[in-house]
Amino acid sequence: MIRTRNSALVLAGIALTAVFNMASPVQAQQAQGVPAAQEAPKVKLATSMGDIVLQLEPAKAPKTVENFLAYVKSRHYDGTVFHRVIDGFMIQGGGYTADMTAKPTLPPIPLEANNGLKNERYTIAMARTGNPNSATAQFFINVKDNAMLNAPNPDGHGYAVFGKVVSGMAVVDKIKAVATGSRAEHQNVPTTPVTIDSATLVQ
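Numbered per mature numbering (1 follows the signal peptide of the UniProt record, and there is no 0), the sequence shown spans residues -28 to -1, 1 to 175.
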């Protein structure tokens, strides 16, 4: 359980470092749009600790799901890591390689936090900076119910949930329990990298 006196620090940690580089090849896919062929698409994250299957919610968070699938289809997430892990809170990834090099991203997307989906255990949401419309590639999986992240909290905006884990909950639980430390300006970094070997659309 997160102590109240540490809540500001913990919440600030979700805010990813805003490094908006020049558009990568994935931008072409976002510009073209991702066909809404599936009513509830599923994405498999094959990690170094096991597979996690996510079911997305395009009806509730259409722009967020479109953005996430563009990164999946461009293979952006392949070789990235869960770079921030806090047991009792969340596991965050999708932005850095194992040597903590930031990958180039697409332009940020509008916040879709007021969609009725809550930051509950095993849901996936977008990480962002203090600017509510700054989410790019980084995401986090809640490892407990985090009502403090729901719109309009904690800053009048909230964090946009866009899906949930439907398989691999035990893998999430293993990841949240790994040993962590500090690395350069980053805190709560797993001492042994937890890698996303691939992210693929499975439905």
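The beta-carbon is built from N, C-alpha and C at its ideal position, and this holds for glycine as well. As the structure is a prediction and not an experimental result, all values here were calculated from the model.
Backbone CA spacing between residue i and residue j [nearest angstrom]
| i | j | result |
| --- | --- | --- |
| M72 | P165 | 10 Å |
| A33 | V174 | 19 Å |
| L89 | F134 | 7 Å |
| D50 | K16 | 11 Å |
| H48 | A107 | 15 Å |
| A18 | Q64 | 15 Å |
| T95 | G67 | 18 Å |
Neighbour flag for residue i against chain B, beta carbons, 8 Å
| i | result |
| --- | --- |
| A33 | Chain labels in this structure do not include chain B; a single protein chain is all it has. |
Burial state of residue i, where buried means 16 or more other Cβ atoms lie within 10 Å
| i | result |
| --- | --- |
| G153 | exposed |
| N114 | buried |
| A149 | exposed |
| Q110 | buried |
| P30 | buried |
| N36 | Going by the sequence as given, residue 36 is Thr instead of Asn. Buried, since its Cβ has 16 or more Cβ neighbours within 10 Å. |
| P124 | exposed |
Collapsed DSSP secondary structure at residue i in the structure displayed
| i | result |
| --- | --- |
| A107 | strand |
| L121 | helix |
| M72 | coil |
| V161 | strand |
| A97 | strand |
| I15 | Note on identity: in this sequence residue 15 is Val, with Ile being the wrong assignment. Of the three classes helix, strand and coil, the one that applies to V15 here is strand, per DSSP. |
| D127 | coil |
Candidates the options: closest to residue i by CA position
| i | options | result |
| --- | --- | --- |
| T69 | I81, F54, L78 and I63 | F54 |
| A151 | Q64, D127 and I58 | I58 |
| A12 | V25, M21, F112 and S20 | V25 |
| G22 | D145, N122, P126 and G102 | D145 |
| R155 | R56, I147 and N91 | R56 |
| L83 | S20, A132, V138 and G140 | A132 |
| Q27 | K45, Y43, E38 and V137 | V137 |
| Y43 | M98, D117 and N160 | M98 |
| residue 190 | D127, N86, S46 and S139 | With the chain covering only -28 through 175, there is no way to say anything about residue 190. |
Worksheet entry | Secondary structure, alpha helix (DSSP H): runs of 4+ residues fully inside the region 19 to 45 | 34 to 45
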